[in-house]
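Heads up, the thing below is written out as structure tokens.
Residue numbers (UniProt numbering): 1 to 319.
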């Protein structure tokens with residue numbers, strides 16, 4: 001059975017939630033080998049979680065200062081592993097993940113597919129193109145094809161625990177190409193779920209009218225439901241909310257169980273980032289708005305009237 005390498009994102013001593021999706025994809029491709037890049041001891045701390053996800057082997061690519069170096073430690077680890085034993089490589093489709101994928105593919109002379117939504121047993125992949133309006137199956141070449149997988153596109157399935165054998169490899173010493181983080185200020189996290197991982201997202205657009213309207217309508221409804229908050233590019237450009245909340249081609253890609261839009265028309269720039277949501281509810285005063293064509297439920301109403309009433313009703317039922 002061939003080996004499938006899975007680059008593991010991790011934060012605060014835990015495996016990133018998207019790893020479960022990568023392990024689900026790996027089931028049809030071969031034996032899962034988790035690759036953990038970080039400071040000494042990182043892989044051992046993550047070993048129980050990775051075993052539960054189905055890792056047959058866990059590669060500890062560790063060195064002092066590795067967590068402060070950008071991109072290259074992961075590229076070095078994956079390319080050296082694939083050079084020794086070829087196999088598909090799965091990476092989460094983040095900004096860093098996509099750059100790592102391109103560099104690894106160049107080193108191992110294999111093809112790379114970015115932002116895939118599925119991988120077939122023959123190593124072809126499913127992708128959504130032209131703003132998610134067309135789904136295609138795409139072939140990729142090389143002995144170690146590299147894929148970055150869209151977060152939330154795969155429904156993670158229950159895994160059979162793996163042996164989780166822990167093995168270590170040596171990372172090359174930093175050279176003149178090395179980029180190192182000299183200081184780091186983490187983003188302040190509020191009480192709401194992370195937008196990229198949330199199961200429920202409330203998003204607002206130009207139709208909410210102002211920053212005050214965004215806070216009252218979008219954030220008010222989100223807080224009543226315990227949901228994450230998102231926005232369109234228009235809402236961000238108009239100063240209604242921070243850019244970190246932007247969903248779409250130049251923002252965050254999401255795939256929640258429930259997505260509710262308030263005052264959003266549905267430009268392709270936005271819908272390309274949320275179109276794979278399980279259930280889409282659109283609230284707008286324009287029955288011909290493009291978002292209505294992809295909504296499971298379209299509500300023609302004034303968001304200024306409906307959203308506060310909905311939030312109030314939810315809070316009362318929770319009480």
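For each residue, glycine too, the CB sits at the ideal point set by N, CA and C.
8 Å Cβ cutoff met for residue i and residue j
i           : j           : result
residue 259 : residue 277 : yes
residue 87  : residue 4   : yes
residue 331 : residue 144 : The question about residue 331 has no answer here: the residues shown for the chain are numbered 1 through 319.
residue 2   : residue 30  : yes
residue 274 : residue 314 : no
residue 70  : residue 7   : no
residue 59  : residue 47  : no
residue 138 : residue 124 : yes
residue 108 : residue 142 : yes
Three-state secondary structure assigned by DSSP to residue i
i           : result
residue 11  : strand
residue 324 : Here the chain comprises residues numbered 1 to 319, so residue 324 is not present and cannot be evaluated.
residue 328 : This structure does not reach residue 328, given that the chain is present from 1 up to 319, and the question cannot be answered.
residue 384 : Because the chain spans 1 through 319 in this model, residue 384 falls outside it and cannot be assessed.
residue 311 : helix
residue 17  : coil
residue 99  : helix
residue 140 : coil
residue 231 : strand
Buried versus exposed, by CB contacts within 10 Å (16 or more), residue i
i           : result
residue 218 : buried
residue 261 : buried
residue 23  : buried
residue 280 : buried
residue 183 : exposed
Residue(s) in a DSSP beta bridge with residue i
i           : result
residue 259 : 201 and 280
residue 302 : According to DSSP, residue 302 bridges with nothing at all.
residue 240 : Beta-bridge pairing links residue 240 to no other residue.
residue 69  : 180
residue 135 : 128
Practice task
Could you say if the stretch 145-156 and the stretch 33-43 meet the contact criterion of at least three C-beta pairs nearer than 8 Å?
Solution key: no
Handout entry: the stretch 104-111 / the stretch 159-168 touching (three or more Cβ pairs under 8 Å)
Key = no
Practice task
Would you be able to state if there are at least three C-beta pairs under 8 Å between the stretch 218-238 and the stretch 192-207?
Solution key: yes
Exercise for the section: Decide if the stretch 48-62 is in contact with the stretch 11-28; the criterion is three or more beta carbon pairs, one per stretch, under 8 Å apart. Expected result: yes
Problem - Meets three-Cβ-pair contact criterion under 8 Å: the stretch 228-238 and the stretch 281-290 - result: no
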